[in-house]
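Worksheet: one structure, shown below.
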Amino acid sequence: MANKLALERNIFHLENKLLLPEIRTSKEELTSLLSDDFFEFGSSGKVLYKDQEINEATLGIVQMTMSDFEIHSLSEEIVLATYRIYNELNNQHSLRSSIWKLVEGHWKMQFHQGTKIPH
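All residue numbers for the sequence shown refer to the working numbering, where the first residue is 200 and numbers rise by one.
Shown next, in the form of structure tokens:
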């Protein structure tokens, strides 16, 4: 149980890093957090791929608050994270899910999805 709690804290920390302006505007930081074959179904309805559209210009600065964070182990090396986001800039709520994969000793985001929901 202690290992699950440590893993949950680690993934929570990584998810929060992806909300920080200094991470979102740094190609180097994004590269270190996203797997090579990362893709996203954005809450905007767009499908984004790391090697095509994900860069410092597309992500932009956000003010988001995360809540109801949970992880669900899918295997020893794969974790599903689920949570809610409140976007303070546009007063929008969304459900989020991410798949994290352990790659050479580092957790990398493999997939992400955001789905807008009513308040």
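The beta carbon of each residue, even a glycine, is placed where N, CA and C say it ideally should be.
Because the structure is a prediction, the values reported are computed rather than measured.
First and last residue of the alpha helix (DSSP H) that includes THR230? 226-232
Problem - DSSP state of LEU301 mapped onto helix, strand, coil - result: strand
- Message: Here's the rule I'm using: 16 or more other beta-carbon atoms within 10 Å means buried, otherwise exposed. How should SER297 be labelled?
- Response: buried
**Prompt:** Considering GLU275, what are the terminal residues of the beta strand (DSSP E) in which it resides?
**Reply:** Element bounds for GLU275: n/a, residue is neither H nor E.
- prompt: Alpha carbon to alpha carbon, how far is GLY244 from GLN312?
  reply: 10 Å
For PHE238 and LYS307, I'd like the C-alpha separation in whole angstroms. 12 Å
DSSP three-state label for HIS292, please. strand
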